[in-house]
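Engineer: Numbering (mature numbering (1 follows the signal peptide of the UniProt record, and there is no 0)), first residue to last: -23 to -1, 1 to 369.
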């Protein structure tokens, strides 16, 4: 992997040299465009047949956003971009609960409002270099509610990456084929690299007038090596802890208009990681030979029917499974395994730039993950949302 990192950094350096040479010799650029856009969203949420605590996954779906009872706000989003024929930038800030949850790793500056902040340089019409913080290219759903059909989010989105900070090349290969190559900080560590390790990303895709399909790959050490950190994690004066090795994720995303009225989208993702290092009883760092792999996998389908210019109806049908206790979005069995089947029915009604999104959602888990009004465990929950999303 070191050789891959070196090659990517060399490529970026060569492109930067090309940029410097161009900037010293080219004529002034008279093509300049500034745009300002954004959105505001609010919603009502209720999980049927449960009590109403302040916040707990036993009473709400554990997916991101839109999971607080009663009326609430999502986020205010402002996006400013400036572009010339060769270069530009994007500055994207968010305010509100949805925005705060989306940029949860912006802990060091204390700001927690920067969703994206990157500059780009176009070497040609087919190759562009982006440097800075940008939302992930992995997965089907995104942070902004203006770009999602459903207001609530999937498990695949909620437990996949949100954002990256690094350098990314976007390439148009011709004939409808596109590609990306990236070297980035560990996933969602967007302000600085706390672990002295890097994540590598790639994408190959095909697009046409009816839609597209993209294969996305991520690989990298997300938590560094134990020798680089204080390994007394529980504060008792003795060395302890573990460190994962490289995390691998493969993700297939796509969608096509089958007819003028019917669109079908899909997302399938698989992530795996093994513990690489542990601290033994003597306080020494040793390799974790024979450690079981952990991770998740899932698949989701997104059929949508457009009934008029103003009204459409769509479904999200998702299966999501956790292996060996990698994460705990719901109750797991004694081996740390578990799964959920979730179905969401939504409608979109558009009035100009305003979209109303009523939806009903059912989550069914392999173990009792929710609680009813008597605080008894149950394996299924029904919830409803009514959202209003305005974009400009």
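Every residue gets a Cβ at the ideal spot worked out from N, C-alpha and C, and that includes glycine.
It should be emphasised that the depicted structure is a prediction, and the values quoted were computed from it without experimental measurement.
Are residue 323 and residue 334 close, meaning C-beta to C-beta below 8 Å?
Structural biologist: In the chain shown, the residue the question calls residue 323 occupies position 346. In the chain shown, the residue the question calls residue 334 occupies position 357. Taking 8 Å as the Cβ cut-off, residue 323 and residue 334 qualify as a contacting pair.
Engineer: Check for me: the beta strand (DSSP E) holding residue 18 runs from which residue to which?
Structural biologist: Reading the chain shown from its first residue, position 41 is the one you call residue 18. From DSSP, the beta strand (DSSP E) with residue 18 extends over 9 to 25.
Engineer: Would you call residue 178 buried or exposed, if buried means 16 or more other Cβ atoms sit within 10 Å of its Cβ?
Structural biologist: The residue you call residue 178 lines up with position 201 of the chain shown. That one is buried.
Engineer: Classify residue 1 as buried or exposed, calling it buried when 16 or more other Cβ atoms lie within 10 Å of its own Cβ.
Structural biologist: Here residue 1 refers to the residue found at position 24 of the chain shown. The predicted model places residue 1 with a pLDDT of 47, which falls under 50 and marks its position as unreliable; any figure quoted below should be read in that light. Under this definition residue 1 is an exposed residue.
Engineer: Could you please give me the residues that DSSP links to residue 81 through a beta bridge?
Structural biologist: In the chain shown, residue 81 corresponds to position 104, counting from 1. According to DSSP, which records beta bridges pairwise, residue 81 is partnered with nothing at all.
Engineer: Which value, in whole angstroms, describes the spacing of the CA atoms of residue 172 and residue 235?
Structural biologist: Within the chain shown, the letter at position 195 stands for residue 172. Within the chain shown, the letter at position 258 stands for residue 235. Between residue 172 and residue 235, the C-alpha separation is close to 45 Å.
Engineer: With the cut-off set at 8 Å, would you say residue 222 and residue 237 are in Cβ contact?
Structural biologist: One-based indexing of the chain shown puts residue 222 at position 245. One-based indexing of the chain shown puts residue 237 at position 260. Not closer than 8 Å, so no.
Engineer: Quick check on residue 10: buried or exposed, where buried means 16 or more other Cβ atoms within 10 Å of its Cβ?
Structural biologist: Here residue 10 refers to the residue found at position 33 when the chain shown is read from its first residue. Burial call: exposed.
Engineer: Apply the 10 Å Cβ neighbour rule to residue 159 and answer buried if 16 or more other Cβ atoms are within range, or exposed otherwise.
Structural biologist: In the chain shown, residue 159 corresponds to position 182, counting from 1. It is buried - the Cβ of residue 159 has at least 16 other Cβ atoms within 10 Å.
Engineer: Could you check if residue 118 is buried or exposed, using at least 16 other CB atoms within 10 Å of its CB as the buried criterion?
Structural biologist: Reading the chain shown from its first residue, position 141 is the one you call residue 118. Burial call: buried.
Engineer: If you check the beta carbons only, do residue 76 and residue 92 fall under 8 Å apart?
Structural biologist: Indexing the chain shown from 1 puts residue 76 at position 99. Indexing the chain shown from 1 puts residue 92 at position 115. For residue 76 and residue 92, yes; Cβs fall inside 8 Å.
Engineer: When DSSP labels each residue in this structure, what does residue 152 get in the three-state scheme?
Structural biologist: If you number the chain shown from 1, residue 152 lands on position 175. If DSSP states are grouped into helix, strand and coil, residue 152 belongs with coil.
Engineer: With a threshold of 6 Å on Cβ separation, who are the neighbours of residue 105 within its own chain once the five nearest residues in sequence on each side are excluded?
Structural biologist: Translated into the one-based positions of the chain shown, residue 105 becomes position 128. The residues are 97, 99 and 147.
Engineer: By DSSP, does residue 121 sit in helix, in strand, or in coil?
Structural biologist: Indexing the chain shown from 1 puts residue 121 at position 144. Of the three classes helix, strand and coil, the one that applies to residue 121 here is coil, per DSSP.
Engineer: Can you have a look at residue 336 and say buried or exposed, based on whether 16 or more other CB atoms are within 10 angstroms of its CB?
Structural biologist: Here the question's residue 336 lines up with position 359 in the chain shown. Buried, by the Cβ-count rule.
Engineer: With a 10 Å radius around its C-beta and 16 neighbouring C-beta atoms as the bar for buried, classify residue 328 as buried or exposed.
Structural biologist: Locating residue 328 in the chain shown gives position 351, where the first residue counts as 1. By the 10 Å Cβ count, residue 328 comes out exposed.
Engineer: If distances are taken between C-alpha atoms only, which option among 157, 242 and 309 comes closest to residue 278?
Structural biologist: For the purposes of this step, residue 278 is identified with residue 301 of the chain shown, where counting begins at 1. Considering only alpha carbons, the answer is 242.
Engineer: Pick out whichever of 285, 13 and 38 has its Cα sitting closest to the Cα of residue 430.
Structural biologist: Not covered by the structure: residue 430. The range shown for the chain is -23 to 369.
Engineer: Can you tell me where the alpha helix (DSSP H) holding residue 135 begins and where it ends?
Structural biologist: By one-based count along the chain shown, residue 135 stands at place 158. Counting along the chain, residue 135 sits inside the alpha helix (DSSP H) bounded by residues 132 to 136.
Engineer: Of the choices 275, 224 and 276, whose alpha-carbon is the least far from that of residue 251?
Structural biologist: Here residue 251 is taken as the residue at index 274 of the chain shown, counted from 1. Ranking 275, 224 and 276 by Cα distance to residue 251 puts 224 first.
Engineer: Would you call residue 353 buried or exposed, if buried means 16 or more other Cβ atoms sit within 10 Å of its Cβ?
Structural biologist: Position 376 of the chain shown, counted from the start, is the residue given in the question as residue 353. Looking at its Cβ environment, which holds fewer than 16 other Cβ atoms inside 10 Å, residue 353 is exposed.
Engineer: Measuring only the C-alpha atoms, how far is residue 330 from residue 287?
Structural biologist: Translated into positions along the chain shown, residue 330 becomes position 353. Translated into positions along the chain shown, residue 287 becomes position 310. Approximately 11 Å between the Cα atoms of the pair.
Engineer: Contact check, residue 308 vs residue 342 under 8 Å by CB: the rounded distance?
Structural biologist: Locating residue 308 in the chain shown gives position 331, counting from the first residue. Locating residue 342 in the chain shown gives position 365, counting from the first residue. Residue 308 to residue 342, Cβ: 6 Å. Contact.
Engineer: Does the separation of the CB atoms of residue 144 and residue 181 fall below 8 Å?
Structural biologist: Within the chain shown, residue 144 is the residue found at index 167, counting from 1. Within the chain shown, residue 181 is the residue found at index 204, counting from 1. Inclusion of residue 144 and residue 181 in the CB contact set at 8 Å is not warranted, their separation being larger than that value.
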